[in-house]
Amino acid sequence: VPATLAGGSGATPPPTAPASRARWRQARWLVLGAVLALAGVATAATLYFLRDRYPDLEFRSLRELSRPPAGPERPAGTWTAVLEDRAYLGYPLADKRLEVVAVDTGTGDELWRKQTEVTADDWAGLVAVPGAVAVIADAPGDSTPRELAVLDGRSGAQRWNRAIRGDDTVYFADGVAVLVDRAGGRLVGLRLSNGDETWTEPNPRGQYDGRRTVVWPVGTDEAAGGPAYLDGSPRNPWTSKGRRLVQIGADRSARLLDMATGSVVRRWDNVADLDDLVVAHEDRLYVAANDGGYQLLAYDLNSDATPVVLYRAGDDQRRPAELVACGKRRACLLEVPNSEAERTEVVAATEGENTVRWSAPNVTGLVPLGAQLLAQRESPETTVTLFDAKGKAVLRDRRGVAVRLDEGNLLVFAKAPSTVADNRVLAGVWAESGEVDDLGELQDVRSASCSWNTRVIACGADKDFVLYRFADD
-6 VPATLAGGSG
4 ATPPPTAPAS
14 RARWRQARWL
24 VLGAVLALAG
34 VATAATLYFL
44 RDRYPDLEFR
54 SLRELSRPPA
64 GPERPAGTWT
74 AVLEDRAYLG
84 YPLADKRLEV
94 VAVDTGTGDE
104 LWRKQTEVTA
114 DDWAGLVAVP
124 GAVAVIADAP
134 GDSTPRELAV
144 LDGRSGAQRW
154 NRAIRGDDTV
164 YFADGVAVLV
174 DRAGGRLVGL
184 RLSNGDETWT
194 EPNPRGQYDG
204 RRTVVWPVGT
214 DEAAGGPAYL
224 DGSPRNPWTS
234 KGRRLVQIGA
244 DRSARLLDMA
254 TGSVVRRWDN
264 VADLDDLVVA
274 HEDRLYVAAN
284 DGGYQLLAYD
294 LNSDATPVVL
304 YRAGDDQRRP
314 AELVACGKRR
324 ACLLEVPNSE
334 AERTEVVAAT
344 EGENTVRWSA
354 PNVTGLVPLG
364 AQLLAQRESP
374 ETTVTLFDAK
384 GKAVLRDRRG
394 VAVRLDEGNL
404 LVFAKAPSTV
414 ADNRVLAGVW
424 AESGEVDDLG
434 ELQDVRSASC
444 SWNTRVIACG
454 ADKDFVLYRF
464 ADD
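Read in order, the letters of the sequence shown correspond to residues -6 to 466 in this note's numbering.
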């Protein structure tokens, strides 16, 4: 018997039996498969977090989806609202009720057509919220009563209505609305399903200004990355959970409130006057005093810590004119020296970093697109300029008015929107590069009534409504 098989000294190990070899191969492949699976998961996770959340849209020439009718006669006014796959279209009837039409934005098909149970001499607009649409009447004066009504998004049936005043404001979240009741000097939480009051909170009282107040919704990155109104405020502010409000009181205090419960999460003293510039976004509250030689302060909404000074104006001749959140713990403002609009500058201040500033003559408004800024100018003509995070213009002095579709894309009207029906040329813009895509012309629309998402624009026309598609999925 060979020594190697008898366990003799120092020889080559005996060969593996066939069954043992099979088991070893199987184990080896299992281990290799597990390693590859883990590597795949890690790669997928990396790609997910590194993905472009707002890629360039596939812009296409305008294609008409549908023209829903607006009654037998030319309506005195038209209003629209778009949320995801639903467009809501409203126009007044002869009996002063508002007729609301729901349309599928994918097909252009009419889903329902309902009339409000309340009437108004004039209407202010529609607000689309998850599962419902709010209808708000207009009022000629601050103390004039007007109606707020909520219709069910699926059926169009009116859920409830409530009388409010001309100077009252309503903020919406998922499942709740918060009424700023100025005559009552309080905030009121209203359940969207039935209009019931779920909470009330009295306004802070000042020594001379009584219960006057200013309320600011706390913005989120997700909401700020979606469609915006002409002024840059998000069309869908409820896209993140845990909606909150910041309330500035006549006593200069600031309170952070939960919209669902009305509970006061945190309170700070001596923060801002009612006319100071204030923006709340994610975990920060930015305040710039409406005064020469101002400071830009950042409060941590999650703590009682002393505010951080992000920026100090160089002299008493410099005043802030506009303030927005423009990136992670970053605030941007327009600074006007000595009331000379042609010397206006953008100041971008980030916690822990050096302040960046650049010239923006005659700019009157800012709309954030992440860390980029859309600057609106009204004179000598209406134009927009898109700046990157460092102040380099990637789109300069484009004629017209631009609106945010999402953080990566813009829609540009060649002329300022109007309540008068006419044609409006549209263009799409990729924010990162500033590249412009001409989309064509909206025909015979009241462009001030238009609403949009990242694929569709809905407008009131001269005698009806029209939906156009401008981008592929």
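Just so it is clear, CB atoms sit at the ideal spot from N, CA and C, and this is done for glycine as well.
In the three-state DSSP reduction, D214 falls in the helix class (H, G or I). Take R350, set aside five residues on each side of it, and the residues of its chain with a beta-carbon closer than 8 Å to its own are E328, E338, V339, V340, A341 and G384, in chain order. Less than 8 Å divides the Cβ of W72 from the Cβ of L119.
R336 carries a helical assignment under DSSP once its states are collapsed to helix, strand and coil. By the C-beta density criterion, R305 is exposed, having fewer than 16 other C-beta atoms within 10 angstroms. The straight-line gap separating the alpha-carbon atoms of V356 and W105 is approximately 43 Å. V163 and L172 have their C-alpha atoms roughly 5 Å apart. Relative to the Cα of D457, the nearest Cα in the group A69, R370 and R46 belongs to A69. Between the C-alpha atoms of Q240 and F165 there is a straight-line separation of about 15 Å.
Where W445 is concerned, the enclosing beta strand (DSSP E) starts and stops at V429 to W445.
In the structure shown, R205 falls within a coil segment according to DSSP collapsed to helix, strand and coil. As summarised for the segment 336 to 383, the continuous beta strand (DSSP E) elements at least 3 residues long and confined to that stretch are 338 to 343, 349 to 352, 356 to 362, 365 to 370 and 376 to 380, given in chain order. Residue pairing of Y164 in beta bridges, as defined by DSSP: V171. Here C325 carries a strand assignment [DSSP, helix/strand/coil]. W231 sits in coil when the DSSP states are folded into three classes, being neither helix nor strand.
According to DSSP, residue pairing for Q288 in a beta bridge involves R305. According to the DSSP assignment, S54 belongs to the beta strand (DSSP E) that extends over E51 to S59. Annotation: A132 to I157 spans about 10 Å, alpha carbon to alpha carbon.
Within its own chain, the residues whose Cβ lies closer than 7 Å to the Cβ of A176, once the five positions on either side in sequence are excluded, are R158, listed in chain order.
DSSP places G118 inside the beta strand (DSSP E), whose first and last residues are W116 to V122. Judged by DSSP in its simplified three-state form, A314 adopts strand. Close CB contacts of G124 within its chain, under the 6 Å cut and outside five residues either way in sequence, are with G146 (chain order).
Taking 8 Å as the upper bound for CB-CB distance, A281 and L326 are in contact here, some 6 Å apart.
Within its own chain, the residues whose Cβ lies closer than 7 Å to the Cβ of V75, once the five positions on either side in sequence are excluded, are T98, A121, S444, W445, N446, V449 and A451, listed in chain order. Only residues of its own chain outside the window of five on either side were considered, and among them N416 have a CB closer than 7 Å to the CB of Q436, listed in chain order. As for any beta strand (DSSP E) of minimum length 3 sitting wholly inside the segment 86 to 146, the runs are 90 to 97, 103 to 112, 116 to 122, 125 to 130 and 138 to 145, ordered along the chain. The closest CA to that of E57, considering only G101, V94 and T109, is found on G101. DSSP places E194 within a strand segment (E or B) once states are collapsed to three. F380 and S426 have their C-alpha atoms roughly 10 Å apart. In the DSSP assignment, R389 falls within the beta strand (DSSP E) that extends over A386 to R392.
Residue burial annotation: Y201 is exposed, with fewer than 16 other C-beta atoms found within 10 angstroms of its C-beta. For R245, the CB contacts under 8 Å within the same chain, skipping 5 residues up- and downstream, are G199, D262, N263, V264, A265 and D266 in chain order. As the crow flies, the alpha-carbon of D276 is around 10 Å from that of A291.
Counting along the chain, N402 sits inside the beta strand (DSSP E) bounded by residues N402 to F406. Secondary structure of C319 (DSSP, three-state): coil. Annotation for Q240: the continuous beta strand (DSSP E) segment containing it runs R237 to G242.
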